[in-house]
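Below is one structure, written out as structure tokens, with a few remarks after it.
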Amino acid sequence: RTLSLLWNIPLIAVNHCVGHIEMGRMACGSSNPVVLYVSGGNTQVICYNDSGRYCIFGETIDIAVGNCLDRFARVIGLSNDPSPGYNIEQEAKNGGGKYIELPYTVKGMDVSFS
Numbered sequence: 740r741t742l743s744l745l746w747n748i749p750l751i752a753v754n755h756c757v758g759h760i761e762m763g764r765m766a767c768g769s770s771n772p773v774v775l776y777v778s779g780g781n782t783q784v785i786c787y788n789d790s791g792r793y794c795i796f797g798e799t800i801d802i803a804v805g806n807c808l809d810r811f812a813r814v815i816g817l818s819n820d821p822s823p824g825y826n827i828e829q830e831a832k833n834g835g836g837k838y839i840e841l842p843y844t845v846k847g848m849d850v851s852f853s
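Residue 755 in our numbering sits at position 16 of the sequence shown, with consecutive numbering throughout.
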């Protein structure tokens with residue numbers, strides 16, 4: 740706000756979540772995506788409807804997917820560099836095809852990963 744006032748430049752509020760989705764929408768050229776938004780402590784299933792608004796279909800009711808992946812990486816000893824999610828993905832690619840079912844619950848449109 741101080742820089743806006745100092746340089747007489749308008750300050751425009753941007754919703755962090757919508758900013759992420761809009762970047763993805765622009766990069767993919769999608770007009771009405773359904774998105775699994777996973778960022779930090781947030782996990783939401785969101786759609787973009789024809790009226791130009793976002794609608795939240797569901798969200799996590801306990802631990803967010805990002806936090807779950809961070810904890811999982813820490814437990815199995817993976818590095819945070821460049822990111823836990825990326826390192827889990829690389830391990831999965833080299834995992835020899837072994838599938839481990841993890842618990843989850845769907846309650847209506849909400850999800851639970853604990």
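For every residue, glycine included, the Cβ atom is placed at its ideal position computed from N, Cα and C. Since the structure is predicted, the reported quantities are computational estimates derived from the model, not experimental observations.
Short Cβ contact (8 angstroms threshold) for residue i with residue j
i      : j      : result
Tyr838 : Phe852 : no
Thr782 : Val804 : yes
Gly780 : Met848 : no
Leu841 : Ile827 : no
Val774 : Ile760 : yes
Leu764 : Tyr787 : The amino acid at residue 764 is misidentified as Leu; the sequence shows Arg. In this structure, Tyr787 lies closer than 8 angstroms to Arg764 by Cβ.
Minimum C-alpha distance to residue i - residue among the options
i      : options                           : result
Pro823 : Arg813, Lys832 and Ala831         : Arg813
Asn771 : Trp746, Leu742 and Cys794         : Cys794
Val757 : Asn747, Val784, Leu750 and Ile748 : Val784
Buried versus exposed call for residue i [16 or more other C-beta atoms within 10 Å across all chains shown]
i      : result
Gln829 : exposed
Thr741 : exposed
Leu745 : exposed
Leu817 : buried
Where the alpha helix (DSSP H) containing residue i begins and where it ends
i      : result
Glu761 : His755 to Cys767
Ile827 : Pro823 to Lys832
Residue span of the beta strand (DSSP E) that contains residue i, given as start and end
i      : result
Thr844 : Thr844 to Lys846
Asn781 : Asn781 to Tyr787
Inter-residue Cα distance where the pair is residue i and residue j
i      : j      : result
Ile815 : Val845 : 26 angstroms
Ile800 : Gly835 : 33 angstroms
Tyr776 : Gly791 : 18 angstroms
Asn747 : Met762 : 27 angstroms
Asp820 : Ile802 : 22 angstroms
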